[in-house]
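Numbering (this note's numbering), first residue to last: 353 to 537. Notes for the one structure printed next.
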Amino acid sequence: MKYKKECPVLDGTVLITADLHGSIDALHRVFERVRTDGARHLIIAGDLCPTDDPAFKILLSQAPSLTLVRGNCDSTYAFSRSRIPYPPRLVQLSWQGRTLLVNHGDFFFEPSHYALKSGDIIISGHTHVPLLEIDASGIISINGGSPAHGRSRWGKTYALLKEDEASIHRVSDGSRCFSLTLTDR
């Protein structure tokens with residue numbers, strides 16, 4: 353399995369999801385989107401909640417490159433039982449010269465401890481609601497929603513980071529819900 357606790361530098365298209373809550377069907381659909389969208393890296397921002405079905409580990413091993421963080425519903429027991437390494441709560445990555453700070457979104461952390469600058473990105477899950485937002489200091493927040501239990505008018509969703517854009521898409525057909533242009537730093 354190509355799972356990494358830390359993956360310092362990413363390149364190409366990144367698919368972002370979270371909150372699968374044990375759904376193998378949702379994981380299958382995510383991997384269909386990884387292939388269709390040409391993603392070179394998959395980020396799962398918590399609440400994977402793997403079952404002991406071997407399909408979880410098999411599917412995760414098919415990721416071109418994978419970053420996992422744990423969420424509030426991810427137990428050490430479930431990860432141990434499925435023989436998937438227990439992920440950290442927070443991971444810092446780099447993509448196109450931007451810092452990506454990946455967490456589930458269920459605990460508070462102080463972004464200033466990570467020297468985030470305008471154009472850097474905080475990735476989270478937890479709410480099951482897709483979000484693309486820029487705060488007053490230029491920090492971008494991305495929540496891809498959930499491919500299993502969407503809680504928005506767009507239904508089941510995921511996010512893409514691609515070249516100069518962040519976008520939210522429907523899992524069912526890959527159609528774009530909304531997007532945000534990423535400005536030069």
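Backbone N, C-alpha and C fix where the C-beta goes; we use that ideal spot for every residue, glycine too.
DSSP state of residue i mapped onto helix, strand, coil
i      : result
ILE436 : coil
THR419 : strand
SER464 : helix
ALA500 : coil
LEU400 : coil
ILE408 : Per the sequence presented here, residue 408 reads as Phe, with Ile not at that position. Reduced to three states, the DSSP call for PHE408 is helix.
THR428 : helix
SER446 : strand
TYR355 : Because TYR355 sits at a pLDDT of 47, beneath the cut-off of 50, its placement in the model cannot be relied upon, and the point is left open.
SER413 : helix
HIS393 : strand
LEU372 : coil
ILE552 : It is not possible to answer for residue 552, since the shown part of the chain is limited to 353 through 537.
Closest Cα partner of residue i within the set the options
i      : options                        : result
ALA518 : VAL421, ASP472, PHE408, HIS501 : ASP472
THR428 : PHE408, ALA488, CYS401         : CYS401
CYS529 : ILE492, SER464, PRO482         : PRO482
GLY301 : ASP404, ASP389, LEU367         : The structure shown does not extend to residue 301, since the chain is modelled only from 353 to 537, so the question has no answer here.
SER493 : ARG422, THR451, LEU420, THR419 : THR451
SER434 : ASP426, ARG441, PRO440         : ASP426
ALA540 : ALA370, ASP487, ASP363         : Since the first residue of the chain shown is 353 and the last is 537, residue 540 is not available in this structure.
HIS380 : ILE410, LEU418, LEU534         : ILE410
THR419 : SER432, PRO439, PRO406         : PRO439
GLN444 : ASN424, SER531, VAL361, GLY423 : VAL361
Residue i: first and last residue of the uninterrupted alpha helix (DSSP H) it sits in
i      : result
ILE376 : 376-389
Through-space distance from residue j to residue i, alpha-carbon basis
i      : j      : result
PHE408 : LEU372 : 11 Å
VAL382 : ILE395 : 11 Å
ALA391 : VAL523 : 14 Å
MET353 : SER432 : Here MET353 scores only 45 on pLDDT, less than 50, and its place in the model should not be relied on; the value that follows carries that caveat. So the alpha carbons of these two residues sit roughly 15 Å apart.
First and last residue of the uninterrupted beta strand (DSSP E) at residue i
i      : result
LYS514 : 509-514
SER476 : 473-476
ARG505 : First-last for ARG505: undefined, no H or E at that position.
HIS521 : 517-522
PHE530 : 528-533
THR369 : 366-369
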